[in-house]
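Student:
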Amino acid sequence: LAKTTQPISMDSYEGQEVNITCSHNNIATNDYITWYQQFPSQGPRFIIQGYKTKVTNEVASLFIPADRKSSTLSLPRVSLSDTAVYYCLVGDVYNFNKFYFGSGTKLNVKP
Amino acid sequence: DSGVTQTPKHLITATGQRVTLRCSPRSGDLSVYWYQQSLDQGLQFLIQYYNGEERAKGNILERFSAQQFPDLHSELNLSSLELGDSALYFCASSVELGTGSPLHFGNGTRLTVT
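Line by line, the protein sequences give chains A and B. In this text, residue positions in the first sequence follow the working numbering: the first is 5, and each later residue adds one. In this text, residue positions in the second sequence follow the working numbering: the first is 1301, and each later residue adds one.
#1: Quick check: is the beta carbon of B/Ser1356 nearer than 8 Å to any beta carbon in chain A?
#2: Give the DSSP bridge partners of B/His1404, in chain order.
#3: Return the residues of the stretch 1336 to 1352 of chain B that lie within a Cβ-Cβ distance of less than 7 Å from chain A, sorted by chain order.
#4: By the 9 Å beta-carbon criterion, what residues does the stretch 1373 to 1387 of chain B contribute toward chain A?
#5: Given that A/Tyr104 touches chain C, what residues does it touch there, using C-beta distances under 8 Å?
#6: Consult DSSP for B/Leu1361 and reduce its assignment to one of helix, strand or coil.
#7: Quick check: is the beta carbon of A/Phe50 nearer than 8 Å to any beta carbon in chain B?
#8: Of all the CB atoms in chain A, is at least one closer than 8 Å to the CB of B/Phe1369?
#9: Does B/Leu1330 come out as helix, strand or coil in the three-state DSSP assignment?
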């Protein structure tokens, strides 16, 4: 199984760019990398997904190096409302990794 | 709004009782997942259904069971409840089983066992 490792917590200030890195050394050829955001007492919300190189949407960017053994979620100009737990998931239906959330990274944005 | 509806939002019951949690997936989604999240804990995958059939099972207790109906809604049944079953229970849905199909979560049912 492709285990993921993320920092337990990170602090940032409003307006800064935040980069959260996830390590997944055992990523398989068919695996996608997916990031979710979760606020207290709410269900996780899909942020972004990628397979290789760089993916960008209206809320974040996902950088994936050529070896795919890690990925970095980049949140531009964070605000207080970005304070949440961010989860990195790796896998697909065939190895069930996509169903398992790790401990996530608790991002605390300060004024 | 994710489009996934869970009812009820809150449930308070006593130990030994049985409860049923309900989930309506997003329109068009065939796959339903159930997760448990205890206080300050991570999300624990319980079980997945696809188009009415069980497809994957995680850390689900024998006291718990689930099913997905022909109209694709799903129910999670929790019986012989214990204090430790108090948690948020989330349902998620996705379009298909295939690679790259992200999950869309409901806002959960908060179960309190007293």
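Here a beta-carbon is modelled for each residue, glycine too, at the ideal position from N, C-alpha and C.
Tutor: Let me lay it out:
#1: The count along the second sequence starts at 1 and reaches residue 1356 of chain B at position 56. This sequence places Ala at residue 1356 of chain B; Ser is not what is there. Nearest CB-CB separation between B/Ala1356 and chain A: below the 8 Å threshold.
#2: Taking the second sequence and counting its residues from 1, one reaches residue 1404 of chain B at position 104. B/His1404 is bridged to B/Ser1393.
#3: Gly1342, Leu1343, Phe1345, Gln1348
#4: none
#5: Absent here is chain C; the protein component of the structure consists of chains A and B.
#6: Working through the second sequence from its first residue, we reach residue 1361 of chain B at position 61. Residue state, collapsed to three classes: coil.
#7: By one-based count along the first sequence, residue 50 of chain A stands at place 46. True, the Cβ-Cβ gap to chain B drops below 8 Å.
#8: On the second sequence, residue 1369 of chain B is found 69 positions in, with the first residue counted as 1. Chain A, which has no Cβ nearer than 8 Å to the Cβ of B/Phe1369, makes this no.
#9: In the second sequence, residue 1330 of chain B corresponds to position 30, counting from 1. Reduced to three states, the DSSP call for B/Leu1330 is coil.
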